[in-house]
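Residue numbers (this note's numbering), protein chains in the order written: chain P, 166 to 258; chain C, 334 to 642. Virtual Cβ for every residue (Gly too), placed ideally from N, Cα, C. Given the structure is predicted, the values throughout are model-derived calculations rather than measurements. Before any comments, here is the structure.
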Amino acid sequence: MATPLADAFFWIAAFAILVAQAVILRSTKRGMDVIAPERSSERSKKRSTVLEWIFAVGPAVGLIVLLYFTRAAMHPTALHGSGIAPAVRGPRA
Amino acid sequence: MSETTLPSAATPPVTPPVRNVTLTQDLITLTKPKIISLLLVTTIAPMFVAGSPSWLTVLWVTIGGYLMAGGANAVNMYLDRDIDDVMVRTKLRPIPSGRMSPRAVIAFGVLIATAATYGLAQLVNVLTATLALAGFYFYVFIYTRWLKRSSPHNIVIGGAAGAFPPLVGWAAVTGSLDLGAWYLFLIIFYWTPPHFWALALNKQRDYGNAGVPMAPLVWGERETIEQMLWYTVLLVALTLLPVCFGLFGITYAVCAAVLGGLLLKGVLQVYRERNSGNWVRASWWVYKYSLLYLALLFVAMVVDRHVGR
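Here is the structure:
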C-alpha cells in the first residue's frame, strides 16, 4: 500500500478504535454504577470497582501500545533498531 | 471479588435424552472437540502467516495444541462440575451425568496437558511450549477459577486465554513474537466479547441458575448490546490495520472488510432491536456467524500471504 494511503487508513482505523474504546469505557462505568449499590461492604465495593476498572482500562492501554508500534513499523526510520521490521517483512511462499 | 446478585430464574423442567456413551467418547467430550477445531484454525493459520512451516512442525503443533486445549477443557469441566449440573446445555457432560469421577477427569486433563508441554518443548521449541502452557494456566486459573463466577468482565479478560493459539503458532515457526503475532492475539481478544455475549443474551436463564455473572445479567441487556456494537466496530478496524504496515495485502483487506461488514450488520440488527427485545434471532445469527467469521478471516490471512496480494 502507498504510504499516504496507508497513513490515511491508519488514522481512520485508529480513530475508530479509540472512539469505540472510549464508548466501551463509558458503558462499563454505567454498568458498574448499576451493580455498585448491591455490594455487601464498602471494602468489597472499593476492591471490586478497582478491579473492574483494571479489567476495562488494561485492554485500552494495550491498544494504545499496539497503535504506537504499528506507527513505528510503518515508518521504521523513526524507531531505529526496534526489531519490528523483520517480522513485518516475514517470508512468503 | 464481588458478590454479584443475579436475577433468579426457575429451572425449566427439561431433561436431555440419555444415551449410551463409551469411555473413549467421554474422553473426547472432555476435550470439547468442537471448540478446539476453531482454536486449531487460529493456531495453524498464523504458522503460514509467519512463514512456511514444515508439515511435521504443523503436525506436532496440531497434536500439541489439541492436547493442551483439551487438557484445559477437561480441567475446566472438573472445576465447573457443580454448575454444569444445573445448566441444561452442560448437564449431560461426563461428570454431572455420573459417567466419570471428578478425580479421573482432572487426572486426564493434567496428563494430556503435561504430555503437550513436553511434546511441544521437545519437538517444536520451548517458547511454543511455554505459550501453550501459559494459555492453559490462563484459562484454568484466571478465567475458570477466578473471573468466570466473579466479574461481568469474565469473558473480556478471560478471552485472552482463547487468544493464545496464534502466539503458539507464530512462535512455532519464528521462535519469537512480534507485531504481527500480537495483532492476531488482539483480533481474537476483541472478537470474544461480541461472540460470547451473543450467546449469553440467549442463555441468561442458564447462566442465572448457575450464578455466572455474565454481562447481560449484571449490566443489563441494553448495556451489553451497546458494548457488543462497539467491540465489533473496534474489531473490524483492528483487523484492517495490519494492511497499513504491510503484513497483509489487498486480498486480505477485501476479505476482512466484507467479513467484518457482515458481522457489523448482524450486530447492528441486534442493536436496533435492543429496546423492543426482539433481538433473539439476530443475536443467534451473530453468535453463529462470528464463528464462521473468525475461521474465514484466518483463512484469508493465509491466502493473502501465499497466493495473492
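*Under the assumption that Leu500/C contacts Leu510/C (Cβ atoms under 8 Å), give the Cβ distance between them as a whole number of angstroms.*
6 Å
*Is the beta carbon of Ile445/C sitting closer than 8 Å to the one on Leu400/C?*
yes
*Integer-rounded CB distance, given that Ala504/C should sit under 8 Å from Phe471/C*: With a Cβ gap of about 16 Å, Phe471/C and Ala504/C do not count as contacting.
*asked:* Within a Cβ cutoff of 6 Å, which residues of the same chain sit near Leu730/C, ignoring the five residues on either side of it in sequence?
replied: With chain C covering only 334 through 642, there is no way to say anything about residue 730/C.
*Cβ-based neighbour list, Val514/C, same chain, cut-off 6 Å, excluding 5 preceding and 5 following*: In the sequence under discussion, the amino acid at residue 514/C is Ala, which differs from the Val named in the question. Result list for Ala514/C: Leu500, Trp503, in chain order.
*Three-state secondary structure (DSSP) at Ile428/C?*
coil
*asked:* For Ala589/C and Gly599/C, what's the separation of their Cα atoms in angstroms?
replied: 15 Å
*Is any beta-carbon of chain P found at less than 8 Å from that of Ser387/C?*
no
*Straight-line gap, Ser430/C to Ala437/C (C-alpha atoms, nearest Å)*: 14 Å
*At which residue ranges does the stretch 532-601 of chain C contain complete alpha helix (DSSP H) runs of 4 or more residues, listed in the order of the chain?*
537-543, 548-551, 554-573
*Selection of the stretch 177-202 of chain P by Cβ proximity to chain C, strictly under 7 Å*: Ala178, Ala181, Ile182, Ala185, Gln186, Val188, Ile189, Ser192, Arg195, Gly196, Val199, Ile200
_Taking 8 Å as the cut-off, does the stretch 624-639 of chain C touch the stretch 544-560 of chain C (at least 3 CB pairs, one atom from each stretch)?_
no
_Phe220/P, enclosing alpha helix (DSSP H) - first and last residue_ = 207-239
*asked:* To the nearest angstrom, how far is the alpha carbon of Gln358/C from that of Met239/P?
replied: 50 Å
*For Pro379/C, which of helix, strand or coil comes out of DSSP?*
helix
*asked:* What does the alpha-carbon distance come out to for the pair Leu232/P and Ser434/C?
replied: 48 Å
*Quick one: what does DSSP say Ala496/C is sitting in, helix, strand or coil?*
coil
*Got a sec, what are the start and stop residues for the alpha helix (DSSP H) Trp618/C sits in?*
613-639
*Is it buried or exposed for Ala173/P, if we count other Cβ within 10 angstroms and need 16 for buried?*
exposed
_Range covered by the alpha helix (DSSP H) that runs through Pro435/C_ = 435-456
*Can you find a CB in chain P that lies within less than 8 Å of the CB of Pro549/C?*
no
*Report the rounded CA-to-CA distance for Leu190/P versus Met420/C, giving the unit in angstroms.*
31 Å
*For Phe631/C, is the classification buried or exposed, using 16 other Cβ atoms within 10 angstroms of its Cβ as the cut-off for buried?*
buried
_Using only CA atoms, which one of Leu412/C, Val635/C, Gly544/C lies nearest to Thr584/C?_
Val635/C
*Would you list, in chain order, the members of the stretch 561-590 of chain C that have their beta-carbon closer than 7 Å to a beta-carbon of chain P?*
Trp563, Tyr564, Val566, Leu567, Ala570, Leu571, Leu573, Leu574, Val576, Cys577, Phe578, Gly579, Leu580
*Under the three-state reduction of DSSP, which class applies to Leu183/P: helix, strand or coil?*
helix
*Below 8 Å, can you find three or more Cβ-Cβ pairs linking the stretch 536-546 of chain C to the stretch 571-586 of chain C?*
no
_Quick check: Pro549/C and Ser484/C, are their CB atoms within less than 8 Å of each other?_
no
*With DSSP collapsed to three states, give me the class of Gly398/C.*
helix
*Note down the Cα distance separating Ala258/P from Pro379/C, rounded to an integer number of angstroms.*
Confidence is the limiting factor: at Ala258/P the pLDDT is only 36, short of 50, which leaves the residue's position unreliable, though a coordinate-based value still follows. Each residue's Cα considered, the two are about 14 Å apart.
*Does Leu460/C have its Cβ less than 8 Å from a Cβ in chain P?*
no
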